[in-house]
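Count along the sequence shown from 1, then add 1265; that gives the number in the numbering used here. Here's the structure we're looking at; comments come further down.
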Amino acid sequence: MRKTLMLALALGLCGAIFQAAIGQEKPTPASKKASASPMAKHVVIPPSDIKWEDAPPSLPPGAKVAVLYGDPAKSGPFTLRAKAPDGYKVPAHWHPTTEYVTVLSGTLYMGTGDKLDESKGSELKAGGFSSMPAKMRHFVWMKGDTEFEIHGNGPFQVTYVNPQDDPRKAKK
């Protein structure tokens, strides 16, 4: 009896997954951000459809970003790509949620602490991954043009350890 019940539950689950898979919507281009839950839509974005924009004012000028999924400013999952030029630096900061970073090209250096200190960073080359817990103070810099992907759960915010490092407060 117990084996029959377990088999019925397993078959029911497989059927539900299959129904969800065949009921998926058409692919969403990068210009239309998918804002539903991860299982609600199938998202396919060819590299040619990625729409790069200047990074938000919370980051130093010079970087570009492309939101691939979700809305980093809202609650829920998101994925974004970022690219920055050689020598680009983000001073010590933290985020209210866990940050996951995968390096796609170039070299990203990441360190922890209250001040950017290049002697305390770890090198991440293409394929490298980092997970930074919520509120952990950290900093990054690039060697060579670098592209990386950030994903997590929003809202994704940048709070600088030293408020004077915040580019939003720079004199214009």
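Even for Gly, the Cβ is constructed at its ideal location relative to N, Cα and C.
What are the partner residues of residue i, as DSSP defines its beta bridges?
i	result
K1339	DSSP output for K1339 lists no bridge partner at all.
G1386	G1376
M1401	Note: M1401 sits in no beta bridge, so no partner.
Y1425	H1358
G1417	F1343 and E1364
Y1334	T1344
S1396	Y1365
D1319	K1329
Which of helix, strand or coil does DSSP assign to residue i?
i	result
K1348	strand
K1329	strand
K1408	strand
Checking contacts by CB at 8 Å: is residue i closer than that to chain C?
i	result
G1417	The question asks about chain C, but that chain is absent: this structure has only one protein chain.
For residue i, which residues of its own chain have a beta-carbon under 7 Å away from its beta-carbon, when the five flanking residues on both sides are left out?
i	result
T1424	H1358 and W1359
So, for residue i: in the same chain, excluding its five sequence neighbours on each side, which residues have a beta-carbon less than 6 Å away from its beta-carbon?
i	result
S1370	A1391 and E1412
Got a sec? Which residues, its chain only, sit under 8 Å from residue i by beta carbon, not counting five neighbours each side?
i	result
G1378	A1357, K1385, R1402, H1403 and F1404
Compare the C-alpha of residue i against each of the options and name the closest.
i	options	result
Q1254	L1333, A1399 and K1408	Summary: the structure shown does not reach residue 1254, with the chain confined to residues 1266 through 1437, and so no result is reported for it.
Q1429	P1325, H1307 and G1409	P1325
E1320	D1336, V1309 and A1347	Looking at the sequence provided, one finds Ala at residue 1320 rather than Glu. If we check each option's Cα against that of A1320, A1347 comes out closest.
Does the stretch 1395 to 1404 come close enough to the stretch 1351 to 1363 to have 3 or more Cβ pairs within less than 8 Å?
With the cut-off at 8 Å, the stretch 1395 to 1404 and the stretch 1351 to 1363 touch.
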